[in-house]
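Residue numbers (the UniProt record's numbering): 1 to 126.
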């Protein structure tokens with residue numbers, strides 16, 4: 001069930017207030033809006049499958065070292081698949097500095113701009 005218009009406005013107002021009042025918290029828990037790194041995910045899944053196969057082979061031939069190597073490969077594959085790449089960390093915008101109003105206005109959608117104009121009219125700032 002979608003949110004009503006009033007609920008959406010209230011949610012957006014709460015988000016703006018959070019961004020304005022606690023930028024460090026937003027930076028620490030906020031995610032990036034970048035595409036996932038599909039190459040890392042695919043390589044991680046392949047490494048995980050190879051690791052599982054090596055682990056099973058180590059158990060089948062009763063070689064402890066082969067099972068341990070398989071587990072390490074599997075664990076490394078999972079880490080590779082779920083860890084963001086270097087480009088995602090390097091391009092994350094710094095939220096410690098508040099955005100300028102012009103930048104914020106350029107990144108807003110059509111409805112956000114209309115809501116801002118309405119709020120300014122209600123406050124008498126026109």
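Ideal placement from N, C-alpha and C gives every residue a C-beta, glycine not left out.
Under the three-state DSSP convention, the category residue i falls into
i, result
"residue 1", "coil"
"residue 67", "helix"
Beta-carbon gap between residue i and residue j smaller than 9 Å
i, j, result
"residue 51", "residue 74", "yes"
"residue 45", "residue 81", "yes"
"residue 76", "residue 54", "no"
Whole-angstrom distance between residue j and residue i, CA atom to CA atom
i, j, result
"residue 17", "residue 47", "43 Å"
"residue 49", "residue 66", "15 Å"
"residue 22", "residue 72", "40 Å"
"residue 43", "residue 84", "13 Å"
"residue 113", "residue 38", "34 Å"
"residue 115", "residue 25", "26 Å"
"residue 20", "residue 121", "21 Å"
"residue 79", "residue 68", "17 Å"
"residue 124", "residue 1", "35 Å"
Extent of the continuous alpha helix (DSSP H) to which residue i belongs
i, result
"residue 48", "38-60"
"residue 119", "110-123"
Check: residue i C-beta below 8 Å from any heavy atom of the ligand GTP
i, result
"residue 7", "Absence of the ligand GTP is noted for the structure shown, with no ligands found whatsoever."
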